[in-house]
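Beneath this line is the structure, given in structure tokens, with notes to follow.
Number of protein chains: 2
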Amino acid sequence: MLSSSTTESRRQFLRQAGLTAAVATVAGPAAALPFSEPLAAMQNENQRKLGFAIVGLGKFATQQMMPAFKDCKHANITALVSGSPDKAKKLAAEYGVDPKNIYNYQNFDSIKDNPAVDVVYIVLPPSMHMEYTLRAAKAGKHVLTEKPMATSVEDCQKMIDACNKAGKKLMVAYRAQFEPFNLDAISRIKKGELGKLRQITADHGRIVKPTEEPAEAWRVVKKLAGGGSLMDIGVYSLNAARYLTGEEPTEVTAQEFSDKSDPRFKEVEDTIHFTLRFPSGVLASCTSSYSIQEVKRYRVFGDKAFLDLDPATDYYEHNMTIGTKEGDMKVSLKEGNQFAAELDHMAECVLENKTPKTPGEEGLKDIRIIMAIYEAARTGKKVKL
Amino acid sequence: MLSSSTTESRRQFLRQAGLTAAVATVAGPAAALPFSEPLAAMQNENQRKLGFAIVGLGKFATQQMMPAFKDCKHANITALVSGSPDKAKKLAAEYGVDPKNIYNYQNFDSIKDNPAVDVVYIVLPPSMHMEYTLRAAKAGKHVLTEKPMATSVEDCQKMIDACNKAGKKLMVAYRAQFEPFNLDAISRIKKGELGKLRQITADHGRIVKPTEEPAEAWRVVKKLAGGGSLMDIGVYSLNAARYLTGEEPTEVTAQEFSDKSDPRFKEVEDTIHFTLRFPSGVLASCTSSYSIQEVKRYRVFGDKAFLDLDPATDYYEHNMTIGTKEGDMKVSLKEGNQFAAELDHMAECVLENKTPKTPGEEGLKDIRIIMAIYEAARTGKKVKL
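Quick mapping for you: the protein sequence lines, in order, are chains B and Z.
Under my numbering, the residue at position 180 of the first sequence is numbered 180, and the numbers go up by one with no gaps.
Offset between the second sequence (1-based) and my numbering: plus 385.
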């Protein structure tokens with residue numbers, strides 16, 4: 001880990017690099033390089049890292065995402081925001097974060113004065129994403145937020161507007177869009193390996209255990225989660241259908257079932273099945289459930305072959321099969337750290353002043369469709385998008 | 386193979402055995418046995434076989450179903466009905482069928498005078514099932530018909546009524562309900578191995594090639610097939626959802642896509658996705674397509690485990706996996722001849738005067754739901770069942 005003083009001066013430079021092209025391109029001997037390659041203009045590896053403040057130190061943040069920074073080329077944890085000072089201190093020590101850079105939810109806005117922080121990564125329950133995005137943008141920070149982006153289309157729009165107004169990047173953490181097997185699937189589809197796309201099935205499920213695992217309790221509280229399995233994991237089925245087709249759906253039908261005698265589903269839905277229609281004619285049938293054994297899979301059917309990924313959206317150990325009339329073929333591919341790729345992409349977008357691959361608009365699209373799915377399930381009618 | 390004279394006298398006896406309890410139970414030394422075990426009353430293996438007339442000698446009949454008779458204990462091919470005399474003669478020689486027992490569609494009704502025929506097995510395009518069931522019942526024969534049972538609910542009802550009136554058995558050839566892996570799946574679900582059932586996904590697809598394979602041409606002609614992929618293969622997804630839950634669905638939503646510029650889909654649908662709701666809350670999302678590489682699979686999700694069968698409804702080589710939180714487990718099971726089991730069941734129902742496991746009423750249920758699926762797809766509205 002870097003010492004905090006080195007980190008601070010580096011951050012200061014890099015933060016400015018993200019602001020305007022001029023700052024980056026005049027910074028080193030390679031100033032004549034086109035702006036799209038400012039990284040090459042950096043003088044050393046250390047200078048290439050942007051500082052990330054992690055807002056919310058829950059299970060996902062601490063067990064999956066934070067450890068991934070060690071594989072990042074351009075991203076580093078430089079601040080922590082938590083309501084638990086002890087947890088924050090312990091993690092700060094573990095990750096070499098200057099204890100001065102620990103914030104709580106009350107003093108979070110003072111992060112604006114901290115040049116060690118370039119990007120605020122929001123890992124809070126979805127209903128809080130809007131507030132913290134607005135506060136981060138106001139503090140002059142770029143924003144990476146977990147999915148689902150927010151709990152309403154209106155909140156998503158506010159987040160987009162706030163970051164635009166502040167001239168800051170806004171990205172939604174769709175990790176699967178940075179995962180090698182998923183990228184390979186997209187590439188094979190684009191190349192026509194499956195022939196003409198016809199249908200997709202995608203299933204995401206897991207058992208939610210709010211009582212056994214208190215860290216999960218918020219997931220069944222509508223005010224915090226915004227909804228049930230659809231918001232939390234069904235969004236993987238939905239997002240996959242969109243990135244696999246490369247199209248936006250035009251219509252949706254849906255059905256929901258939640259056992260209201262189960263205390264977990266008093267406020268949020270358990271199981272919801274939805275079918276999306278895409279302009280090319282592809283139908284995507286997706287499922288989402290909080291009461292089935294873990295599943296994270298999809299299959300894409302073309303008229304020449306199918307592509308099966310099961311699991312498709314796990315952290316590791318993806319399993320791809322291509323099926324043709326000649327038989328099934330397993331695809332070997334090197335696993336990659338999707339979290340590190342995602343974090344580096346955010347950093348690069350800041351450094352190179354690029355629009356993220358999964359910007360706020362991407363998150364908004366999913367939320368808009370999710371709301372239509374809820375409406376279709378409620379009314380029993382196909383909803384046009 | 387038996388000589389035709391032996392066959393005829395055997396048939397005569399067995400045909401009568403099927404008519405009334407008395408005939409069967411007074412026929413041998415074991416007449417005191419309860420009627421449910423008349424097979425035990427038979428004096429030798431030969432006497433246990435009923436005579437089947439195969440109506441329609443297409444690819445399925447000649448390549449899959451007819452060869453299965455060699456594994457039957459109680460069923461034998463004794464007559465053929467075809468519009469191609471040459472094909473019929475060749476097959477008659479191959480299967481040891483008396484050439485006298487070859488019929489065409491014009492003289493079919495004279496089968497009533499042939500004691501070698503107990504059961505008429507209709508393997509014609511679905512729109513013809515009604516007519517031949519009525520003619521067979523009128524000829525005093527029991528009826529086994531391929532699925533889908535017919536092309537309208539009204540036709541199904543006519544078939545049921547005709548067989549009831551004639552005092553003949555009517556069974557629909559749902560081979561998957563006689564297939565060992567599917568039976569094992571049902572048994573595991575009933576035993577609670579998956580916990581509480583939550584959802585099912587079932588996908589059936591194949592490329593229909595009416596020009597490359599002329600024998601398939603009828604499948605894309607609405608007047609003959611009644612519909613497209615849903616009638617032909619989607620019915621496997623539907624029937625599976627029903628036999629796996631052991632419940633009848635109460636509501637359905639659906640979406641359809643057919644490329645009308647593709648000559649195959651001018652009259653019948655290509656791809657249709659439908660979601661069934663069952664009283665217990667199980668949602669079943671099913672797909673059916675005529676333009677994707679072959680798929681015949683389902684997965685049943687409980688709150689403790691899932692059961693995956695892929696393929697689920699093939700002729701052979703089924704592949705079962707049980708997935709729990711401890712991991713996935715392959716299930717080894719002996720493949721069985723589902724066709725032979727189905728044919729023997731039909732014969733046993735006649736011999737023992739039992740209602741078939743998949744009677745006309747079972748076929749009618751599927752047709753009624755199929756019509757609701759079409760309506761839901763057409764209107765974009767959930768249809769109550």
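C-beta atoms are modelled at their ideal positions from N, C-alpha and C, and glycine is treated no differently.
Handout entry: Range of the contiguous beta strand (DSSP E) that encloses Z/H527
Key = As a position in the second sequence, residue 527 of chain Z is number 142, starting the count at 1. For Z/H527, the enclosing beta strand (DSSP E) begins and ends at 527–530.
Exercise for the section: Please check if any C-beta of chain Z sits within less than 8 Å of the C-beta of B/A240. Expected result: Within the first sequence, residue 240 of chain B is the residue found at index 240, counting from 1. So no, B/A240 is outside the interface.
Problem - Boundaries (first-last residue) of the beta strand (DSSP E) holding B/E94 - result: Taking the first sequence and counting its residues from 1, one reaches residue 94 of chain B at position 94. For B/E94, no beta strand (DSSP E) encloses it; the enclosing alpha helix (DSSP H) starts and ends at 85–95.
Exercise for the section: Could you tell me whether any Cβ in chain Z is nearer than 8 Å to the Cβ of B/F257? Expected result: One-based indexing of the first sequence puts residue 257 of chain B at position 257. By this cut-off, B/F257 is an interface position.
Problem - Cβ-based contacts, 8 Å cut-off: residues of the stretch 712–727 of chain Z near chain B - result: Listed in sequence order: no entries.
Exercise for the section: May I have the straight-line CA-CA distance separating B/I369 from B/T275, to the nearest angstrom? Expected result: Working through the first sequence from its first residue, we reach residue 369 of chain B at position 369. Working through the first sequence from its first residue, we reach residue 275 of chain B at position 275. B/I369 and B/T275 have their C-alpha atoms some 11 Å from each other.
Handout entry: B/E8 in three-state terms, based on DSSP
Key = Sequence index remark: in the first sequence, residue 8 of chain B carries index 8 (1-based). With a pLDDT of only 33 at B/E8, under 50, the local geometry of the prediction cannot be trusted, and the value read off the model is given with reservation. Three-state DSSP puts B/E8 in a helix.
Practice task
Work out the CA separation of B/Y95 and B/A139 for me, nearest whole Å.
Solution key: Start at 1 with the first residue of the first sequence, and residue 139 of chain B comes out as number 139. Start at 1 with the first residue of the first sequence, and residue 95 of chain B comes out as number 95. Taking the straight line joining both Cα atoms gives about 24 Å.
Practice task
Quick one: measure Cβ to Cβ for Z/V505 and Z/V528, integer angstroms, because I've assumed they're closer than 8 Å.
Solution key: Indexing the second sequence from 1 puts residue 505 of chain Z at position 120. Indexing the second sequence from 1 puts residue 528 of chain Z at position 143. With 8 Å as the limit, Z/V505 and Z/V528 qualify as a contact, their Cβ atoms being about 5 Å apart.
Exercise for the section: Output the distance between the C-alpha atoms of B/V239 and Z/R573, rounded to the nearest integer angstrom. Expected result: Taking the first residue of the first sequence as 1, we reach residue 239 of chain B at position 239. Taking the first residue of the second sequence as 1, we reach residue 573 of chain Z at position 188. With the sequence shown as reference, residue 239 of chain B is identified as Asn, and Val is not the correct amino acid for it. Whole-angstrom Cα-Cα distance: 34 Å.
Problem - Under 7 Å by beta carbon: chain B residues contacting Z/H459 - result: Within the second sequence, the letter at position 74 stands for residue 459 of chain Z. When 7 Å is used as the limit between beta carbons, Z/H459 is near no residue of chain B, the shortest such separation being about 37 Å.
Practice task
Please list, in chain order, all residues of the same chain as Z/A521 whose beta carbon is under 6 Å from its beta carbon, the five residues on each side excluded.
Solution key: In the second sequence, the residue the question calls residue 521 of chain Z occupies position 136. Excluding sequence neighbours, Z/A521 sits near V505, V528.
Problem - C-alpha distance - Z/T530 paired with Z/G748, whole-angstrom precision - result: Here residue 530 of chain Z corresponds to residue number 145 of the second sequence, with the count starting at 1. Here residue 748 of chain Z corresponds to residue number 363 of the second sequence, with the count starting at 1. Approximately 10 Å between the Cα atoms of the pair.
Exercise for the section: Grab me the residues of Z/A561's own chain with a C-beta within less than 6 Å of its C-beta, minus the 5 sequence neighbours each way, in chain order. Expected result: As a first step, residue 561 of chain Z is located in the second sequence; it is residue number 176 there, counting from the start. Excluding sequence neighbours, Z/A561 sits near N567, T698.
Handout entry: For Z/D751 and Z/P533, believed in contact at Cβ under 8 Å, the rounded distance
Key = Within the second sequence, residue 533 of chain Z is the residue found at index 148, counting from 1. Within the second sequence, residue 751 of chain Z is the residue found at index 366, counting from 1. Indeed, because the Cβ distance is near 7 Å, the residues count as touching under 8 Å.
Problem - Beta carbon proximity, Z/S674 to chain B, threshold 8 Å - result: Numbered from its first residue, the second sequence carries residue 674 of chain Z at position 289. Chain B has a Cβ within less than 8 Å of the Cβ of Z/S674.
Handout entry: Local Cβ density within 10 Å of B/D86, reported as buried at 16 or more and exposed below that
Key = Reading the first sequence from its first residue, position 86 is the one you call residue 86 of chain B. Exposed.
Practice task
Could you confirm whether any beta carbon from chain B is found closer than 8 Å to the beta carbon of Z/H658?
Solution key: Mapped onto the second sequence, residue 658 of chain Z falls at position 273. With 8 Å as the cut-off, Z/H658 counts as an interface residue toward chain B.
Exercise for the section: Could you please tell me which residues of the stretch 682–699 of chain Z, in chain order, have their CB closer than 8 Å to any CB of chain B? Expected result: Hits within the stretch, in order: R684, F686, G687, D688, K689, A690, F691.
Exercise for the section: Confirm, please, whether the CB-CB distance from B/G192 to B/I233 is below 8 Å. Expected result: Position 233 of the first sequence, counting from 1, holds the residue named residue 233 of chain B. Position 192 of the first sequence, counting from 1, holds the residue named residue 192 of chain B. Not closer than 8 Å, so no.
Exercise for the section: Could you pull out every residue in the same chain whose Cβ sits closer than 6 Å to the Cβ of Z/C734, ignoring the five residues on either side in sequence? Expected result: What you label residue 734 of chain Z is simply residue 349 of the second sequence in a count that begins at 1. A distance below 6 Å between beta-carbons, with the five flanking residues on each side excluded, links Z/C734 to the following residues of its chain, in chain order: K554, P741.
Problem - Supposed close pair B/A228, B/Y290 - CB separation, criterion 8 Å - result: For the purposes of this step, residue 228 of chain B is taken as the residue at position 228 of the first sequence. For the purposes of this step, residue 290 of chain B is taken as the residue at position 290 of the first sequence. Looking at the sequence itself, residue 228 of chain B is Gly, so the reference to Ala does not match. Right, their Cβ atoms sit about 6 Å apart.
Exercise for the section: Identify each residue in the stretch 200–224 of chain B for which the Cβ-Cβ distance to at least one residue of chain Z is less than 8 Å, and report them in chain order. Expected result: Near chain Z, meaning a CB-to-CB distance below 8 Å, the residues of the stretch 200–224 of chain B are T201, D203, G205, I207.
Problem - Neighbouring residues, chain B, relative to Z/G765 (Cβ below 8 Å) - result: Numbered from 1 along the second sequence, position 380 holds the residue referred to as residue 765 of chain Z. The answer, in chain order, is E251, T253, K381, K382.
Practice task
Determine the chain Z residues that contact B/I292 at a beta-carbon separation under 8 Å, and present them in chain order.
Solution key: In the first sequence, the residue the question calls residue 292 of chain B occupies position 292. Near B/I292 (Cβ distances below 8 Å), the residues of chain Z are R583, Q584, F686, G687, D688, F691.
Handout entry: Euclidean distance between Cα positions of Z/D456 and Z/N704
Key = As a first step, residue 456 of chain Z must be located in the second sequence, where it is residue number 71. As a first step, residue 704 of chain Z must be located in the second sequence, where it is residue number 319. Spanning the alpha carbons of Z/D456 and Z/N704 requires a straight line of approximately 23 Å.
Problem - Partners in chain Z for B/K412, counting only beta-carbon separations shorter than 9 Å - result: The structure shown has nothing for residue 412 of chain B, since chain B only spans 1 to 385.
Practice task
Buried or exposed for Z/V547, please, with buried defined as at least 16 other CB atoms from any protein chain shown within 10 angstroms of its CB.
Solution key: Indexing the second sequence from 1 puts residue 547 of chain Z at position 162. What sits at residue 547 of chain Z in the sequence shown is Ala, not Val. With a threshold of 16 other beta carbon atoms within 10 Å, Z/A547 meets it and is buried.
Practice task
On a CA-only basis, which of Z/M556, Z/M515, Z/A464, Z/A453 is nearest Z/E539? Give me that one, please.
Solution key: Position 154 of the second sequence holds residue 539 of chain Z. Taking only the C-alpha atoms, the option nearest Z/E539 is Z/M515.
Exercise for the section: Assign B/T133 to buried or exposed, taking buried as 16 or more other Cβ atoms, counted over all protein chains shown, within 10 Å of its Cβ. Expected result: Looking up residue 133 of chain B in the first sequence gives position 133. The residue in question, B/T133, is buried, as its Cβ has 16 or more Cβ neighbours within 10 Å.
Problem - Distance CB(B/Q293)-CB(Z/G708) smaller than 8 Å - result: As a working note, residue 293 of chain B is residue 293 in the first sequence. As a working note, residue 708 of chain Z is residue 323 in the second sequence. Cβ distance < 8 Å, so B/Q293 and Z/G708 count as in contact.
Problem - Classification of B/A256 by the beta-carbon crowding that lies within 10 angstroms, buried from 16 upward - result: As a first step, residue 256 of chain B is located in the first sequence; it is residue number 256 there, counting from the start. Strictly speaking, residue 256 of chain B in this sequence is Glu, with Ala absent from that position. The residue is buried, with at least 16 neighbouring Cβ atoms inside 10 Å.
Practice task
Please check if any C-beta of chain Z sits within less than 8 Å of the C-beta of B/R188.
Solution key: Taking the first sequence and counting its residues from 1, one reaches residue 188 of chain B at position 188. Any Cβ of chain Z closer than 8 Å to the Cβ of B/R188 would place that residue at the interface, and such an atom is absent.
Handout entry: Contacting residues, own chain, Cβ-Cβ under 7 Å from B/L224 (five flanking each side not counted)
Key = Within the first sequence, the letter at position 224 stands for residue 224 of chain B. Excluding positions up to five away in sequence, the list reads P125, S127, W218.
Practice task
Quick one: measure Cβ to Cβ for Z/T536 and Z/G611, integer angstroms, because I've assumed they're closer than 8 Å.
Solution key: By 1-based counting over the second sequence, the position of residue 536 of chain Z is 151. By 1-based counting over the second sequence, the position of residue 611 of chain Z is 226. Yes, Z/T536 and Z/G611 are in contact; Cβ-Cβ is about 3 Å, under 8 Å.
Exercise for the section: Give the DSSP-derived three-state secondary structure of Z/N492 in the structure shown. Expected result: Along the second sequence, one-based indexing puts residue 492 of chain Z at 107. Note: Z/N492 maps to coil in three-state DSSP.
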